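Chemist: Under the working numbering, think of the first position of the sequence shown as 48, with each following residue one higher.
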Amino acid sequence: MLNETKVVGLPLARIDGPSKVSGKARYAAEHFATDMLFGCVLPATIATGRITDIDVSEAERFPGVVKVYTYKNRPTVAKRESKWKDEVALPGYTMRPLEDDHVQFDGQPIAFVVAENFEAARDAAELIRVRYAAYDPHTDLLQEQANSYEPPVPRMKEFMPPKPRGDAEGAFAQAPHKIAFEYYMEGEHHNPMELFGSTVLWEKDGRLTIHDKTQGPQNSHDYVCNVFGLKPENVVVQNKFVGGAFGQGLRPKYQLFLAVMASLDLRRSVKAEMSRREMFYLTWRPVCLQKVSLATDAEGNLQSIMHHALGGTSRYEDYQENVANWSGMAYKCDNVKISYEIAKLDRSTPGDMRAPGAASGVTALETAMDELAYEVGIDPLELRIRNFIHVDQNQDKELTSKALHACYREAAESFGWANRRHEPRSMRDGNDLVGWGMATGFWEAQLSEAEAKVSLSSDGKVVVSAAASDIGTGTYTILNQVAAEAFGVSPQAVTVRIGDSSLPKTSVEGGSWTAASSGSAVQVAARAVVATLLKHARSMPNSPLADASEDQVEIAEGRLVMQANHQVGVAFADIMEAAGVSEVEEHGKVAPDPATMKKFSAYTHSAVFVEVKVDEELLIPRVTRVVTAVAAGRILNPKTARSQILGGVVMGVGMALHEEGMVDHRTGRVMNHNLAEYHVPAHADIEDVEVIFVKEDDDKVSPIGVKGLGEIGIVGVAAAVSNAIFHATGKRIRHFPMTIDKLLGEPDRH
Ligand code: MOS
């Protein structure tokens, strides 16, 4: 661990901020080349069936059109499935754009028009005549639950339910207090500001430089090389700036395939960008149906937890996430049964979306906990505290740390929870019913394999390089801080180079693991630079550091010095001069430690408190206050950290009240594929949000003590809103989003 903090821990503004707000930062589809071509996709208009006829002759004659690709003339690409599997691919058959005449989801690309300008490509696509033989669509999860199944090939073994413990059914039957309800969540769609786009710059010697909207430039790089049989050294993928990404950018998207395909075929630079509408067809958090049963003894101690989750997937891949396992680790309980199934739908494969699994699963669990608190007749926060657990019962492991008590205490204090009246409809403000609700949040704290390169030059300039991504999270800034800290230099002296597949190996940016992993790799590399400097210093004539060891020295004010006495040391410029070098550069690498992983589980935790005001007659809910306290280990930068949590809270409010993917189950088609009809929170929907980071020292979770923050912010928010709405109105809505029609109407089907 870092011991002192001079730069780490400061609320530095994002170093990429000025270039983004001034428009200088170029996103994937904002790169250009002379004589570049532009592609546009024609999406299918059925959810399932076959293309019986596709006539592109008129489109081909359209002025400016260079070529129209369909399954009939798609260039030859890799056949073996292994070549299509990206770093985070799913069990199943990876989607291969324009492969054949099958249509498996509404909006599937069935043609790709390439033209001298985008408008020509777009207009020509409209001239393609398609005939289909459409089959009956099956897109309603409630209908398809009859065909649900346990995933035969686990995506990750951690996603599979833990073995049942105790006798959950027996304990439930005998318990004095119990609840059992179903919770239904509509699918949600990803709406980052930046659309999926790829600019492929074709160079005469056959090299490609690709600007891709991705969370992992090396993942896109390897996918392109495997699918098209290209030499790794001839392809570079960059994502230096990413306009927001919440999980769907983990896997390569079809516009990358199509743009590279056309570029190689036409030997020209090609750009392709999805429309907002295409984003809706392709990117979504799966619809899910959950049943949660909870029971306690007379005092509110949990005796039984049962959680069954059902999620939607596509025909061609088994999308899986950890929805229900949280219920086995959240609270102390010896009788637990968890199950997880998926059901095939005629939809595109769902994908990871901020806290995949937890965002939906913890919403169900934490709404059920509130229902249980009312059943037992105790305060909802008290119920959680009464059932607090210090170990991970699912895996029978210790926890690296769990400062959740502090989260409860500090958030409740700031929120004023002690002034809450327990009875629903007991608090008001003029015409508004006031409701206070709370929930706990859980997410994983993971370390992924990561490498970094750090160089220190004799003039005190530092360069950090890694293939990591900054997807809006602050990666540029925190890696800078870790390096600045290590060398005792100012952040201005540090340059961070990320977002390039040719840089040191890094996993995709996801799972909230980047700060912990790449941050640690930078620290390891920086320590290696110090070690090399020491080696040089020791061999200098009359060196004051001749007998020093690595763990006795550090860098301060431009000198390599003894930690115990900064008077003793040598300027690193002098060390480099004596060694005949102008800079020292070293690699660092981190990976999870198997011994630690065997013994410990690691999670981030949060406590979310929400106030809603609901107009008594119109039943319009407003979230007027949110206080969330987060325990995520060490906070490298409280400003970027807070921004991550704020973003998560906003998405949580969207999950609670607004975001609802609508499908017409008669046709299987996505109905609200635009931001006019698919609502996300606007500024007017978000009022006071307070973020608290509680102190949590954790020397096991990662070498720099960081747990990660990208996802925990959303978890628990929708449940806290739901619980606040119940407290305000006395109505329990178990169907998300909790739109006004559900508040006005009779209790709905769930
Ligand atoms: Mo995240 S949903 O792993 O980007």
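Glycine residues also receive a C-beta, built at the ideal position from the N, C-alpha and C atoms. Note that the structure is predicted; figures quoted are calculated from it, not measured.
By DSSP, does Lys-391 sit in helix, in strand, or in coil?
Modeler: Strand, per DSSP.
Chemist: Taking 7 Å as the limit between beta carbons, can you name the residues of its chain near Ile-780, skipping five residues before and five after?
Modeler: Cβ neighbours of Ile-780 beyond the five flanking positions: Ser-769, Ile-772, Lys-789, Leu-790.
Chemist: Is it the case that the segment 319-336 contacts the segment 266-277, given that we only count it when at least three CB pairs across the two stretches are under 8 Å?
Modeler: No: fewer than three Cβ pairs fall under 8 Å.
Chemist: Give me the residue from Ile-101, Thr-343, Asn-281 with the minimum Cα distance to Glu-250.
Modeler: Here the closest residue by C-alpha is Asn-281.
Chemist: Using the Cβ count rule (16 or more neighbours within 10 Å means buried), how would you classify Gly-519?
Modeler: Answer is buried; the Cβ neighbour count reaches 16.
Chemist: Can you look up Tyr-328 in the DSSP assignment and give me helix, strand or coil?
Modeler: It is helical.
Chemist: When the Cα of Asp-506 is compared with those of Val-536, Leu-305, Ile-525, Leu-428, which residue comes out closest?
Modeler: Closest option to Asp-506, Cα to Cα, is Val-536.
Chemist: Give the single residue among Gly-699, Ile-525, Ser-653, Ser-565 whose Cα lies nearest to the Cα of Val-637.
Modeler: Comparing Cα positions, the closest option is Ser-565.
Chemist: For Gln-221, is the beta carbon positioned less than 7 Å from some heavy atom of the ligand MOS?
Modeler: Checking every heavy atom of the ligand MOS against the Cβ of Gln-221, none is found closer than 7 Å.
Chemist: Could you tell me the alpha carbon to alpha carbon distance between Tyr-328 and Gln-190, rounded to whole angstroms?
Modeler: Taking the straight line joining both Cα atoms gives about 21 Å.
Chemist: Using 8 Å for Cβ pairs, my map puts Asp-746 next to Gly-755. What's the rounded Cβ distance?
Modeler: Not really, about 16 Å apart at Cβ, beyond 8 Å.
Chemist: So who's on the other strand from Lys-500, going by DSSP bridges?
Modeler: Bridge partners of Lys-500: Ser-512, His-634.
Chemist: Would you say the beta carbon of Phe-293 is closer than 7 Å to some non-hydrogen atom of the ligand MOS?
Modeler: Yes, the beta carbon of Phe-293 sits closer than 7 Å to at least one heavy atom of the ligand MOS.
Chemist: Less than 7 Å separating the Cβ of Gln-262 from some heavy atom of the ligand MOS?
Modeler: Yes, the Cβ of Gln-262 comes within 7 Å of a heavy atom of the ligand MOS.
Chemist: Taking 7 Å as the cut-off, is the beta-carbon of Glu-494 closer than that to any non-hydrogen atom of the ligand MOS?
Modeler: It should be pointed out that residue 494 corresponds to Leu in this sequence rather than to Glu. The answer is no for Leu-494.
Chemist: Measure the C-alpha to C-alpha separation of Lys-778 and Leu-419 and round it to an integer number of angstroms.
Modeler: Roughly 15 Å separates the two Cα atoms.
Chemist: Return the first residue and the last residue of the beta strand (DSSP E) that Pro-668 is part of.
Modeler: Residues 668-678.
Chemist: Can you tell me which residues form a DSSP beta bridge with Val-383?
Modeler: DSSP, once it has assigned bridges, lists Arg-212, Ile-352 as partnering Val-383.
Chemist: Using the beta-carbon count (16 or more within 10 Å), is Asp-399 buried or exposed?
Modeler: Burial call: buried.
Chemist: Could you tell me the distance, in whole angstroms, from the CA atom of Pro-24 to the CA atom of Ala-765?
Modeler: Past the edges of the chain, shown from 48 to 797, lies residue 24, and the structure says nothing about it.
Chemist: DSSP on Val-628, reduced to helix/strand/coil?
Modeler: Reduced to three states, the DSSP call for Val-628 is coil.
Chemist: Quick one: residues in its chain with C-beta nearer than 7 Å to the C-beta of Phe-647, no 5 flanking neighbours on either side, listed in chain order?
Modeler: If we look at Phe-647 and ignore the five residues flanking it on each side, its Cβ neighbours are Lys-444, Glu-445, Leu-446, Thr-447, Lys-747.
Chemist: Among Met-308, Gly-482, Tyr-230, which has the Cα closest to the Cα of Leu-412?
Modeler: Among Met-308, Gly-482, Tyr-230, the Cα nearest to that of Leu-412 is on Tyr-230.
Chemist: Please state whether the Cβ-Cβ distance between Gln-302 and Gly-244 is less than 8 Å.
Modeler: Yes, Cβ-Cβ distance for Gln-302 and Gly-244 is below 8 Å.
Chemist: If we call anything under 8 Å between Cβ atoms a contact, is Ala-515 one with Thr-553?
Modeler: Yes. Within cutoff.
Chemist: What residue range does the alpha helix (DSSP H) around Ser-66 cover?
Modeler: Where Ser-66 is concerned, the enclosing alpha helix (DSSP H) stretches over 64-68.
Chemist: Counting C-beta neighbours from all protein chains within 10 Å, is the total for Lys-582 16 or more, i.e. buried, or is it exposed?
Modeler: Looking at its Cβ environment, which holds fewer than 16 other Cβ atoms inside 10 Å, Lys-582 is exposed.
Chemist: Contact between the segment 608-626 and the segment 497-512 is defined here as three or more beta-carbon pairs at a separation below 8 Å; is this criterion met?
Modeler: Because the criterion of three Cβ pairs below 8 Å is met, the segment 608-626 and the segment 497-512 touch.
Chemist: Would you call the segment 135-146 and the segment 169-184 touching, i.e. three or more CB-CB distances under 8 Å?
Modeler: Touching, no, given that fewer than three Cβ pairs across the two stretches are closer than 8 Å.
Chemist: Where does Leu-49 sit, in a helix, a strand or coil, going by DSSP?
Modeler: Interpretation of Leu-49 is limited by its pLDDT of 44, a score under 50 that renders its predicted location unreliable; no figure is taken from the coordinates.
Chemist: Would Phe-79 be called buried (16 or more neighbouring beta carbons within 10 Å of its own) or exposed?
Modeler: Phe-79 is exposed by the Cβ-count criterion.
Chemist: Is Leu-297 close to the ligand MOS? I mean its beta-carbon at under 7 Å from any heavy atom of the ligand.
Modeler: Checking the Cβ of Leu-297 against the ligand MOS gives yes.
Chemist: Just to confirm the assignment, what range does the beta strand (DSSP E) spanning Phe-85 have?
Modeler: Run containing Phe-85: 84-90, per the beta strand (DSSP E) assignment.
Chemist: Hey, would you say His-258 sits closer than 8 Å to Thr-330, going by beta carbons?
Modeler: Taking 8 Å as the Cβ cut-off, His-258 and Thr-330 do not qualify as a contacting pair.
Chemist: In angstroms, rounded to a whole number, what distance separates the CA positions of Val-54 and Pro-223?
Modeler: So the two alpha carbons sit approximately 55 Å from each other.
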